[in-house]
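Read in order, the letters of the sequence shown are residues 2 to 264 in the working numbering.
Note that CB positions come from ideal geometry on N, CA and C, so glycine has one too.
Report on one structure; see the data block that follows.
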Amino acid sequence: MTPFALGSEIPRRESALMRAVGRGVLRLLGWRIEGEIPNFPKLVIAVAPHTSNWDFVVGAATMFALDLKLTFIGKHTLFRGPFAGMFRWMGGVPVDRTKPHGVVGDAVRAFETGRCDAETFAAQCVAELELGVAPATFLESFAGWPTGLYPGTHELIARIPGHVTRALLSNSNSLHWPRVEDEFGLGALFEHRFVSHLTGRIKPDRDAFEHVISSLGCDPASVFFLDDNLMNVAAAHAAGMQGAVARGIDEAEQALRHASVIR
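Structure (structure tokens):
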């Protein structure tokens, strides 16, 4: 693997052994590293979308291959048993996603429920995370985070029979939703759209699900809810809905088949 140059400000592990291990794993899996990392002592790296546990393996190998010393958050259940010490040594911080306080800041919640504007959201995020960039620069980058739908999304939704009501319950905001709705064409695929910054209700809060049930005028048991977040599916179950976790098109198709929504 070609050596990847890092700036002098970026924190290092200083471990030749782990660099060799990381590069060996990437080579074995057929991955290569491209691009560059900004030369800052502090920065936030967003890794998305997360669709498989292999993402962690590749990410950890990349961290070691580049000799990066970083901190990452992971679900708290990883930090139990014999591997707890290893994950902490790697830089892991456990997060209980059923108790989201302190992980998703007040600024994010306010923005995604329409209670603050983009400029206020950006200013608070920059200050809270100590990003070292202007709020306008952060917003410019943040607006581009959605990169598109999973391939096959339109086709899978089109397979849902016409007598089945299609509704969307999404946490979003005033910057991302217009792109998702129009540019990616997701809005036209659903007869009903319940978007957090427009309704003022956000998953996994109970009232978000109750608002959907009330608006549709349906029996909650007749609703089949798909989401890639277990916490949101658990909230749907608590509201009386059916539901399943689906990460990616293949899992969504399997879940819809299992529920007899599609053939």
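Helix, strand or coil: how does DSSP classify residue i here?
i: residue 171; result: strand
i: residue 317; result: Residue 317 lies beyond the stretch modelled for the chain, which goes from 2 to 264, so this question has no answer here.
i: residue 177; result: coil
i: residue 23; result: helix
i: residue 7; result: coil
i: residue 116; result: coil
i: residue 13; result: strand
i: residue 164; result: coil
i: residue 188; result: helix
i: residue 44; result: coil
i: residue 261; result: coil
i: residue 110; result: helix
i: residue 265; result: This structure cannot settle anything about residue 265, because the visible part of the chain is limited to 2 through 264.
i: residue 33; result: coil
Could you name the residues of the same chain whose beta carbon sits closer than 6 Å to that of residue i, not counting the 5 residues immediately before and after it, in chain order?
i: residue 95; result: 77 and 80
i: residue 226; result: 237, 242 and 244
i: residue 122; result: 108 and 112
i: residue 23; result: 62, 65 and 66
i: residue 30; result: none
i: residue 125; result: 108
Taking residue i and residue j to be in contact with their CB atoms under 8 Å, please state how far apart those CB atoms are, rounded to whole angstroms.
i: residue 1; j: residue 222; result: Because the chain here runs from 2 to 264, residue 1 falls outside it and cannot be looked at.
i: residue 228; j: residue 246; result: 7 Å
i: residue 160; j: residue 250; result: Actually they do not touch by this definition, with Cβ atoms about 11 Å apart.
i: residue 253; j: residue 157; result: 6 Å
i: residue 164; j: residue 190; result: In fact, because the Cβ distance is near 16 Å, the residues do not count as touching under 8 Å.
i: residue 185; j: residue 150; result: 5 Å
Under 8 Å Cβ to Cβ from residue i, same chain only, skipping five residues before and after it: list those, please.
i: residue 27; result: 2, 33, 34, 59, 62, 63 and 66
i: residue 192; result: 166, 167 and 168
i: residue 212; result: 195, 200 and 202
i: residue 11; result: 38, 40, 41, 42 and 69
i: residue 71; result: 12, 46, 64 and 92
Among residues of its own chain, excluding the 5 on either side of residue i, which ones have a beta-carbon nearer than 7 Å to its beta-carbon?
i: residue 131; result: 43
i: residue 20; result: 65, 66 and 68
i: residue 144; result: 176
Taking Cβ positions only, does residue i come closer than 8 Å to chain D?
i: residue 8; result: This model lacks chain D altogether; it includes just one protein chain.
**Ordered list of alpha helix (DSSP H) runs contained in the stretch 50 to 99, each at least 4 residues** = You should have 55 to 66 and 85 to 91.
**Asked** For the 8 Å Cβ check, are there 3 or more pairs between the stretch 109 to 116 and the stretch 132 to 139?
**Response** Short answer: they don't touch.
**Request:** Jot down the residue ranges of each uninterrupted beta strand (DSSP E) in the stretch 194 to 251, minimum 3 residues, whole runs only, in chain order.
**Result:** Those beta strand (DSSP E) runs which fall completely within the stretch 194 to 251 and span 3+ residues are 225 to 228 and 243 to 246.
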